[in-house]
Structure formats: structure tokens, C-alpha cells
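Protein chains in written order, with this note's numbering: chain A, 1 to 481; chain B, 482 to 962.
Structure, as C-alpha cells:
2 protein chains.
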Amino acid sequence: MSDENLSTERLPELAKEIRDLLERQRLVEQLVLKQDSLPERHDLVETLVHKQHLSRLSAKLESLHAADIARILELLPLQDRLVVWDLVKAHMDGDVLLEVSDAVRESLIDAMDTHELVAATEQLGTDEIADLAPDLPDEVVQGIYKTLNPEEREQLRIALSYPEDSVGAHMDFEMVSVREDVTVEVVLRYLRRLRELPDHTDKLFVVDREEHLRGVLPLNTLLVSDLDTEVGAIMDADPKRFSPDGEAREAAEAFERYDLISAPVLDADGVLIGRVTVAAIVDFIKDRQDIERLSQGGLRVEEDIFASVWNSLKNRGPWLGLNLITALIASRVIGLFEGAIEQLVALAALMPIVAGMGGNIGNQTITMIVRALATGQLHEQDIRNLYIKETKLALINGVFWGGMLALVTFLLYRDAALGGVMMLAVTLNFLLAAAMGVTIPVMRARFKRDPALGSSVLITAITDSGGFFIFLGLATLFLLH
Amino acid sequence: MSDENLSTERLPELAKEIRDLLERQRLVEQLVLKQDSLPERHDLVETLVHKQHLSRLSAKLESLHAADIARILELLPLQDRLVVWDLVKAHMDGDVLLEVSDAVRESLIDAMDTHELVAATEQLGTDEIADLAPDLPDEVVQGIYKTLNPEEREQLRIALSYPEDSVGAHMDFEMVSVREDVTVEVVLRYLRRLRELPDHTDKLFVVDREEHLRGVLPLNTLLVSDLDTEVGAIMDADPKRFSPDGEAREAAEAFERYDLISAPVLDADGVLIGRVTVAAIVDFIKDRQDIERLSQGGLRVEEDIFASVWNSLKNRGPWLGLNLITALIASRVIGLFEGAIEQLVALAALMPIVAGMGGNIGNQTITMIVRALATGQLHEQDIRNLYIKETKLALINGVFWGGMLALVTFLLYRDAALGGVMMLAVTLNFLLAAAMGVTIPVMRARFKRDPALGSSVLITAITDSGGFFIFLGLATLFLLH
Numbered sequence: 001m002s003d004e005n006l007s008t009e010r011l012p013e014l015a016k017e018i019r020d021l022l023e024r025q026r027l028v029e030q031l032v033l034k035q036d037s038l039p040e041r042h043d044l045v046e047t048l049v050h051k052q053h054l055s056r057l058s059a060k061l062e063s064l065h066a067a068d069i070a071r072i073l074e075l076l077p078l079q080d081r082l083v084v085w086d087l088v089k090a091h092m093d094g095d096v097l098l099e100v101s102d103a104v105r106e107s108l109i110d111a112m113d114t115h116e117l118v119a120a121t122e123q124l125g126t127d128e129i130a131d132l133a134p135d136l137p138d139e140v141v142q143g144i145y146k147t148l149n150p151e152e153r154e155q156l157r158i159a160l161s162y163p164e165d166s167v168g169a170h171m172d173f174e175m176v177s178v179r180e181d182v183t184v185e186v187v188l189r190y191l192r193r194l195r196e197l198p199d200h201t202d203k204l205f206v207v208d209r210e211e212h213l214r215g216v217l218p219l220n221t222l223l224v225s226d227l228d229t230e231v232g233a234i235m236d237a238d239p240k241r242f243s244p245d246g247e248a249r250e251a252a253e254a255f256e257r258y259d260l261i262s263a264p265v266l267d268a269d270g271v272l273i274g275r276v277t278v279a280a281i282v283d284f285i286k287d288r289q290d291i292e293r294l295s296q297g298g299l300r301v302e303e304d305i306f307a308s309v310w311n312s313l314k315n316r317g318p319w320l321g322l323n324l325i326t327a328l329i330a331s332r333v334i335g336l337f338e339g340a341i342e343q344l345v346a347l348a349a350l351m352p353i354v355a356g357m358g359g360n361i362g363n364q365t366i367t368m369i370v371r372a373l374a375t376g377q378l379h380e381q382d383i384r385n386l387y388i389k390e391t392k393l394a395l396i397n398g399v400f401w402g403g404m405l406a407l408v409t410f411l412l413y414r415d416a417a418l419g420g421v422m423m424l425a426v427t428l429n430f431l432l433a434a435a436m437g438v439t440i441p442v443m444r445a446r447f448k449r450d451p452a453l454g455s456s457v458l459i460t461a462i463t464d465s466g467g468f469f470i471f472l473g474l475a476t477l478f479l480l481h
Numbered sequence: 482m483s484d485e486n487l488s489t490e491r492l493p494e495l496a497k498e499i500r501d502l503l504e505r506q507r508l509v510e511q512l513v514l515k516q517d518s519l520p521e522r523h524d525l526v527e528t529l530v531h532k533q534h535l536s537r538l539s540a541k542l543e544s545l546h547a548a549d550i551a552r553i554l555e556l557l558p559l560q561d562r563l564v565v566w567d568l569v570k571a572h573m574d575g576d577v578l579l580e581v582s583d584a585v586r587e588s589l590i591d592a593m594d595t596h597e598l599v600a601a602t603e604q605l606g607t608d609e610i611a612d613l614a615p616d617l618p619d620e621v622v623q624g625i626y627k628t629l630n631p632e633e634r635e636q637l638r639i640a641l642s643y644p645e646d647s648v649g650a651h652m653d654f655e656m657v658s659v660r661e662d663v664t665v666e667v668v669l670r671y672l673r674r675l676r677e678l679p680d681h682t683d684k685l686f687v688v689d690r691e692e693h694l695r696g697v698l699p700l701n702t703l704l705v706s707d708l709d710t711e712v713g714a715i716m717d718a719d720p721k722r723f724s725p726d727g728e729a730r731e732a733a734e735a736f737e738r739y740d741l742i743s744a745p746v747l748d749a750d751g752v753l754i755g756r757v758t759v760a761a762i763v764d765f766i767k768d769r770q771d772i773e774r775l776s777q778g779g780l781r782v783e784e785d786i787f788a789s790v791w792n793s794l795k796n797r798g799p800w801l802g803l804n805l806i807t808a809l810i811a812s813r814v815i816g817l818f819e820g821a822i823e824q825l826v827a828l829a830a831l832m833p834i835v836a837g838m839g840g841n842i843g844n845q846t847i848t849m850i851v852r853a854l855a856t857g858q859l860h861e862q863d864i865r866n867l868y869i870k871e872t873k874l875a876l877i878n879g880v881f882w883g884g885m886l887a888l889v890t891f892l893l894y895r896d897a898a899l900g901g902v903m904m905l906a907v908t909l910n911f912l913l914a915a916a917m918g919v920t921i922p923v924m925r926a927r928f929k930r931d932p933a934l935g936s937s938v939l940i941t942a943i944t945d946s947g948g949f950f951i952f953l954g955l956a957t958l959f960l961l962h
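Okay, here's the thing in C-alpha cells:
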């Protein structure tokens, strides 16, 4: 039993060894280039050593799982990555491409020609080819198409026809199906004739002659049943199943709630067209989590940490541009009250507090609502109650935190009226934040947009400009003459 | 085939029906209370209708999966929730408690007495009891302990002994194991003698007499092998396996990368002590995702949307308090420069732009680094390169966006020097943001803290105060006399 299995933590170490090896190699090569007056023999020795290292590395790579090779490639800077990618055996190429992150996949595909790319997909299922297809050049996709048989072409067409967030885009076609009128013994004999079962086969699909699903037969049931029992008597006739047009998010929730491993996908007539496995669902959950994190951090797509400065600029630009606009608007709001600030300069020091705390309250409300929307926990009838509850919370928080700030303000500036304006402004901005914190995600959901994306930017823009306006406006009304 | 299986979307509708039903019921009861002068017969009729409704509801609930009942309970306001909870059959109580969210679980447990709670756990495995235990009153846990046999007590002790983020806390004990010197036929006969197999049994564990793991036998291999083959000849002798002290996060990554359904957990001597299933891993991934989302939104724990205002206040208070402190610090930084603002009031309008855009850059950098840290993509040797790359990015972005802002500033205020200060301040704050954006998560990771939590608050605090200081300081140096 090798240690490697106990931890994937060893991969970074392996990647580091590879980097050090290639670094030394390059140093030696530079030395050789500089001293080309050296006797040829020395040169030859170096080349041999190089080849030896690379072939040992190549053997090492072959012993690894495609997912591990993918991870090592992600861990290497571009130059080293391409050296290692060349060493990966061609029959692994497809699996590795499937496993690497989008950014790294792009760099690998760029380094391959059409012929290599077509060859790389030979070992893949049609659902896997469909996953890669959007990243491949057109002529490669056409080349792959020619290598498929008619049934596979049809599967590829189906897999490519569903949008990314539908169940259809995440299904595969590796089903084992049986008839309901055969016995357990016949099924067992049938299975033994197959050389192997597809990954994640936890159940057989029971279909009639027209491929309508009649039920499913879990392997766990099959294994504990008497040999002469008929499939129809022990199958689950009412299993969890999905439509290819259903939302992948909903399927993920069902897999989580009902602890599914695989489930049939049926068309509108109840014909079995594919299956979804928990592996596809786990990938989907992780991908969504990633998208959400990136968007909240102000990045468009994931970034290869070895990406060029130029690629990073393109990735981060849009959010900075958006931020520039919202910041300019807030700045113009302040500009409206320059007269007030000139008269009472303390306003300039206090106004960011009002804006910042409003943003905090708004983000809290939005997080809670987005979560409730995601779990379907919000009914129309609750929304009114939510406004009432959040308003109450904003009022209590406003009076409490606003009161604290009023006190601090009084201690700093010895101005009771300024403290009062502070408290009132904080409370009003909290109310604005609470109202918009409910409204923004509810509206986005109603217009079928993902309420999690972009809501935070919007609420912060509103509580900033709103906070400045409320605070400086109140100050103008009550403090100035 | 009922429609219910096609979509979990019907649950919110069902919850709404229940709420409407209970609402009507309460209206009728109020009516009856008010008009207690009515003939007794009418009263009786109403009571009968009520009972009929509730018993129909009870029957409906019994046909649902525990996870679905849990979801309906989450969808109901407290009052209705407790009515429905009373209708749930006692033998389902434990499974439902396992499935509901933490906040709702608390409200259900509060409504039960010790006897009911002990009874509720009767159908649960020891790993499931361990999941519930932290939420149960002490006397209940002691009561449960008394109902267990010595082996179960030992399992419960083991399950409770591992910290939440270790593999041990997520394992269960439902393994089927076989010896390596028996034939496939014997194994199949042995399995048929069991009444059922545990959920998520995709492989049998092959152990010796001392329970050392010798390998695993996937059901998929078992089913396609000849009846007279010995287990030892077809088992996987080097399967992915975990240590109970390993990090759950790492196990989750391995499950995702290698598409595992279940995997053995071994102690230091290689003795099989439990297994981890993909169901536990999916729950773990979702929980972590939740914690991250809540923390980023400034909430301590998940909030039942029907939670009392008081509970919400407690949940949201700490972040508001933290925000108050960071905002006050930023405010005092501005306070240092009140003289400058008095002389040139445009500074007050422009300073939030410098602070805000710095925060945006800082958050982008942090998101990227946290992600690279989470996937183990960062080596020591890369960190220096990262500083260089992020510094370059900050410089280019600073000159570009700072230049845009300088232009806008000039157009607004007709002051070229002010524009120049703006550009310089934006660039310097971007450099500060980039440096801290790398340093904060790297430091947190080095001190073994989760780099994802709290980093965003910290960077924003730094870029706010830093941005104000840099901008107002430069203005004082270059613009004032």
C-alpha cells in the first residue's frame, strides 16, 4: 500500500520536484550553450542525463490518475507545464483535459494541433466530448464528429443541445438496462457476460421494448434477492427521475436530499434517454460555488495564477470600471453638499461611517434573502412579513448603533446636534439598506436572474450614495444656517 | 408514476397549502370562540372538519421522504411548523431532525420533551446520533446512551471524539466486509442472506481476521466476475483510503477528483474502523459553502427567515460592531486632515473614490489567492512571483484608472494638480491593496486559519483608512500651503 493514496497533499510536493528538476535542466543547458567549446563528450553526457530524467518523469506520470496529472499541470508555470504535458501519454490526454481548470485547459489546448486534439478525445464518452467541445477549435470538433458512429453523433448532438444549467447538459449515456419479466438469476448471468459495468452503476434501469422506463433495480436489492425472483417484483417502480430540461440546480438539490448516486433522465414520453450521476452533480456544485466566489470577489472568470498580466487585466477590468462609475456617482452626491462640508468639516470625517455601516446591513439582509430564495423558502406571502421584520431590525439596529455613534460623535466634537443627526442618518440609511436588501434579490429572482450575482455591488452603491445624501442632507437641514 | 418525483419544486406549493389550511382553521376557531352562543352542533361540526383535515395532512406527510418533510417544516412559520411537527409519525422524527437546517432543528427540539427526543433517535445509526448530539440537551444524550449496546456506545464515543473538520466526524460504521480467500459465489450467497445492504454500498471491504484492510471489492467487479474466482484475485488491493484524523476538506477533494462513492477509513495500524460515503461528503461541501457565504455576508450563523427579531439581532450584531470600529478608525484618519478639507472641499468628495476602488482591487487579489490556496496551487517559490505580478497589475491599473479619474477630476474642478494627486493616490492605494491582498490570506493560511473567512473585512478596512490617508496626505503635501 503506497502512501500516495492517503493524501492528495503530496501532489504539490511532486509538482515542486518537477519544477526544481526542470529548473536545474535549464541551468545545465544554459551552461552547455555558453561553453560550446567544451569537448563533445561532456555535452553528450548532459543530454543523456536529461533524457533519463524525463523518461523517469514520464513513467511516474503514467502511474498517476488523470485527475492527479491535471492537478500537477495546474501547479506548474506555463513553461514547465508544457514540458510535462508533452510527456503525458496520448491515451491520457482526453481525461486530463476534462479534469484541469478552464484557464489551464486553454493553455494546454493552445499547445496542441488539430490531429493531437482529435486523437485525445478517442477514449472519451460522448458526454465528455460535449463538455470539452466549447473549448475546442471548430475544425477539431468537426474532426471528432467524423470519428463517431451514428448513435454517438446523435448522443453528442443531444448533449450539446441543452443549456449549461439544465439537467441535460450534465447527463451521460452509460446505462445498463434490463426487462422486468426476467429473473434475478438471468440478470446476474447477463451482467457477468459484460466485461465491466459503467462507473457509478448503483442501479439497473428497467425498460420495456420502446425504452419506456418501468422502474429501477438497485444493485443492493439485486444482490440480496432470491435467484428466481422476477425483476418486476423487486424493482422500485417509482424512482426519483429527471427531465433533461429541468434545472441542474434542482437536480443537485434532489441528489443531496435523497442521497442519490445515479438517476434516470426521461423525455416527455417517459423514454429513458440518459442518466445523471452524483459525480456530475458534485462537479456542478463545485463549479457553481466557484462562479459565485469569483463574482463576489469581483473577478469574471477563474484566473490561472501563472496567467499573464494582460489576461489578469482583462479579467478584472469590468468590475473596476463598474466600481468607478458607482464611486463617481457617490462622489457627485457629496459634491452637491460641498457648501455644507465647508461650513462643518466634521461632516467629511463622519459621512463614510454612515455609508459603510449601511452597506454592511444591506449585505447581511441580501445574504439571508438569497439563501432563502435558493432553498425555495420564500413565498409571496412571506415577502411582506420580511419587509416588516427587516424594517424592525433596521430600526432597532439604527437606534442602537446610531446611538453609539452619536455618543462617540459628541465626545469627539462636543456637538449634541451633530450627534443627533448622526443617529438619525444611520437609522434612515439602515432602513434604506433593509428595504433594498429585500427588494434587489426578490426582483432579480422574479426576472429569473441569479439573485446571488451582482446584488452585493448594487446594494453597496445604493447605501453609499444614499448614506452620503441622507447624512449631508440632514446636516444641511438641521445644522447649518 | 406520480409527478412529485420530477421536481422538488412542488414542496413549496404543498407548504403553502398547509399554511392556508391552518390559517382557515384558526379563523374558524376564532369565529367559534367569539360566538360561543351558537348551538353546540355547529361547534361539533367544525371540530370534526378540523380533525378530518389534520388526519388527511398526517397521511400525506407519511407518504413523503424525511427530507421532504424537513423542507416543508423549514418553509412554515413557527406556529404552523409545530402543528405539522406534531403530526409527523414518531418513527420519522429522527430522520427529519437530521435533515432540517440548524436553525429549524433548534425550534423543533425546543418543542419536544426528553422522552420524545430519546425515542426519536431509536431508528438512527450511531454516526447520525453523533450528528444530532451537539444540539440535544445533556439529559437526552444520557438517555440515548442507556439505550445503546456496548458496541454502539463505542461507535458513538469514536464518532463524537473527532473534530468537525476531520474525516472521523463524517464517517459511518455500516460496512459489509468479506475475506479474500472466498469465491465470488460464496460472496453472492453471503449477500443474499443479508436482508439488505447499507445505503451507498458500492464496494465490499476485504479484511483479515484482525480487521486489517486487505483491499476492496467493488460491486461492479463482483457482478461481472466468474463465480469460482477468489476475492483476492479480483479485489483492488490499493484503494483510496482515509485516516480518521485527516482533514475532511481533503477527503472531499479526493471524492471529487476520483469520483468515489464510498471509501474505507483506517486507523494507524491499517485496521478498518469505518467508511466515508459521497452523501456525507456532499453534505460537507454544502455546509462549508453555506458557512463561507454567511461569513462573507456578515452573518454569524444561518438564519431561519421566521426567526425572531431578537435572534436576528444577535446573529448580525458582531459584524456591525466590527464594522463600527473599522469605520471609526477610517473616520479618525480623515479627522487628521480636517484642515486640508477645509481649505479644499473637493477632497471630501473625491476621497471615497480612492478608498472604494482600492477595496475592489484588494478583494479581487484576495479572491484569487484564497482560491489558489484552497486548491494547493501556491508554493513558497510562487509567492514572490505573485507579489511581483500583483504589483505590476496594480501599477498598470492604477495608472489607467487613476488617469481616467484624473481626467474626470480635471473636468469637474479645473485643477490639474488635484487630478495629478488623484492619480498618484489611486495608484499608491492600489499598490497597498495588492500587497495586503497577497499578504493577508497567505499569513492566515500560514497560521492555519481559514484564509476565506474575514479576509475581505480586513482588506476593506485597510484600503479605506489607507486610501484616505494616502489621498489626504498627498493633497496636504502638494496642494496646500
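Yeah, the Cβ is synthetic: ideal placement off N, Cα and C, and Gly gets one too.
Exercise. How far does the alpha helix (DSSP H) with Phe959 of chain B in it reach, from first residue to last?
Worked result: 936 to 959
Exercise. Any contact of the segment 730 to 748 of chain B with the segment 663 to 683 of chain B, i.e. 3+ C-beta pairs under 8 Å?
Worked result: The answer is yes - the segment 663 to 683 of chain B touches the segment 730 to 748 of chain B, with three or more Cβ pairs under 8 Å.
For this session: May I ask you to report which of helix, strand or coil DSSP gives Pro493 of chain B?
Result: helix
For this session: Would you list the residues sitting across from Val757 of chain B in a DSSP beta bridge?
Result: B:Ala744
For this session: Starting from the C-beta of His572 of chain B, find all residues in its chain whose C-beta is less than 7 Å away, skip the five residues before and the five after it, and write them out in chain order.
Result: Gln604
For this session: Quickly, what does DSSP pair Ser166 of chain A with across the bridge? List them, please.
Result: A:Glu247
Problem set entry | Segment limits, alpha helix (DSSP H) that includes Val798 of chain B | The question names Val, yet the displayed sequence has Gly at residue 798 of chain B. Unbroken alpha helix (DSSP H) run through Gly798 of chain B: 790 to 817.
Exercise. Hey, is the segment 750 to 757 of chain B in contact with the segment 691 to 698 of chain B, meaning 3+ C-beta pairs nearer than 8 Å?
Worked result: yes
For this session: Sort A:Gly402, A:Ala330, A:Leu188, A:Thr229 by Cα distance to Leu700 of chain B and report the nearest one.
Result: A:Leu188
For this session: Output the distance between the C-alpha atoms of Gln289 of chain A and Ala279 of chain A, rounded to the nearest integer angstrom.
Result: 15 Å
For this session: For His170 of chain A, return the contacting residues in chain B, with the cut-off set at a CB-CB distance below 8 Å.
Result: Taking a Cβ-Cβ cut-off of 8 Å, His170 of chain A has no neighbours in chain B, whose nearest Cβ is about 14 Å from it.
For this session: May I ask you to list, following chain order, the residues of the segment 286 to 304 of chain A that have a beta carbon less than 8 Å from some beta carbon of chain B?
Result: Lys286, Gln289, Asp290, Glu292, Arg293, Leu294, Gln296, Gly297, Gly298, Leu299, Glu302, Glu303
Problem set entry | Contact the segment 427 to 434 of chain A vs the segment 380 to 394 of chain A: 3+ CB pairs below 8 Å | yes
For this session: Assign Pro451 of chain A to buried or exposed, taking buried as 16 or more other Cβ atoms, counted over all protein chains shown, within 10 Å of its Cβ.
Result: buried
For this session: Anything in the segment 681 to 700 of chain B with a Cβ closer than 8 Å to a Cβ of chain A? List those residues in chain order, please.
Result: His681, Thr682, Asp683, Leu700
Problem set entry | Listed by chain order, chain A residues near Leu912 of chain B by CB distance under 9 Å | The contacting residues do not exist; Leu912 of chain B stays about 15 Å from chain A at best.
For this session: Would you list, in chain order, the members of the segment 794 to 816 of chain B that have their beta-carbon closer than 7 Å to a beta-carbon of chain A?
Result: Leu794, Arg797, Trp800, Leu801, Asn804, Leu805, Ala808, Leu809, Ala811, Ser812, Ile815, Gly816
Exercise. Just checking my contact of Arg71 of chain A with Ala548 of chain B at CB under 8 Å: how many whole Å lie between their CB atoms?
Worked result: About 34 Å; that fails the 8 Å criterion.
For this session: Using three-state DSSP, classify Val782 of chain B as helix, strand or coil.
Result: coil
Problem set entry | First through last residue of the alpha helix (DSSP H) which encompasses Lys448 of chain A | Where Lys448 of chain A is concerned, there is no enclosing alpha helix (DSSP H), given that its DSSP letter is neither H nor E.
Exercise. Beta carbon of Leu939 of chain B, beta carbon of Ile921 of chain B: below 7 Å?
Worked result: Yes. Within cutoff.
Exercise. Whose C-alpha, out of B:Ala926, B:Leu809, B:Ile822, is nearest the C-alpha of Leu967 of chain B?
Worked result: Here chain B comprises residues numbered 482 to 962, so residue 967 of chain B is not present and cannot be evaluated.
For this session: Pick helix, strand or coil for Glu230 of chain A, following the three-state DSSP scheme.
Result: strand
Problem set entry | Chain-order list of residues whose beta-carbon lies under 8 Å from that of Ile234 of chain A (same chain, five-residue window excluded) | Val184, Leu217, Thr221, Leu222, Ser225
Problem set entry | Pro318 of chain A to Ile842 of chain B span [Cα, whole Å] | 12 Å
Exercise. Between the Cα of Thr848 of chain B and the Cα atoms of A:Leu299, A:Glu196, A:Gln79, A:Leu347, which residue gives the shortest distance?
Worked result: A:Leu299
For this session: Classify Ile334 of chain A as buried or exposed, calling it buried when 16 or more other Cβ atoms lie within 10 Å of its own Cβ.
Result: buried
Exercise. Helix, strand or coil: how does DSSP classify Lys392 of chain A here?
Worked result: Reduced to three states, the DSSP call for Lys392 of chain A is helix.
For this session: Locate the alpha helix (DSSP H) running through Leu825 of chain B, then write down its first and last residues.
Result: Taken as a continuous stretch (DSSP letters only), Leu825 of chain B belongs to no alpha helix (DSSP H), as it is neither H nor E.
Exercise. What are the start and end residues of the alpha helix (DSSP H) that includes Val118 of chain A?
Worked result: 114 to 120
For this session: State yes or no: is the C-beta of Ala811 of chain B within less than 7 Å of the C-beta of Asp945 of chain B?
Result: yes
Exercise. Taking Cβ positions only, does Arg449 of chain A come closer than 7 Å to chain B?
Worked result: Chain B contact via Cβ: absent.
Problem set entry | Exposure of Gly820 of chain B, with buried meaning 16 or more beta-carbon neighbours within 10 Å | exposed
Problem set entry | CB contact check: Ile470 of chain A to chain B, cutoff 7 Å | By this cut-off, Ile470 of chain A is not an interface position.
Exercise. Going by other Cβ atoms of all chains shown within 10 Å of its Cβ, with 16 needed for buried, is Pro631 of chain B buried or exposed?
Worked result: Result: exposed.
For this session: Report the residue from A:Trp85, A:Arg293, A:Gly402 whose alpha carbon sits nearest the alpha carbon of Met423 of chain A.
Result: A:Gly402
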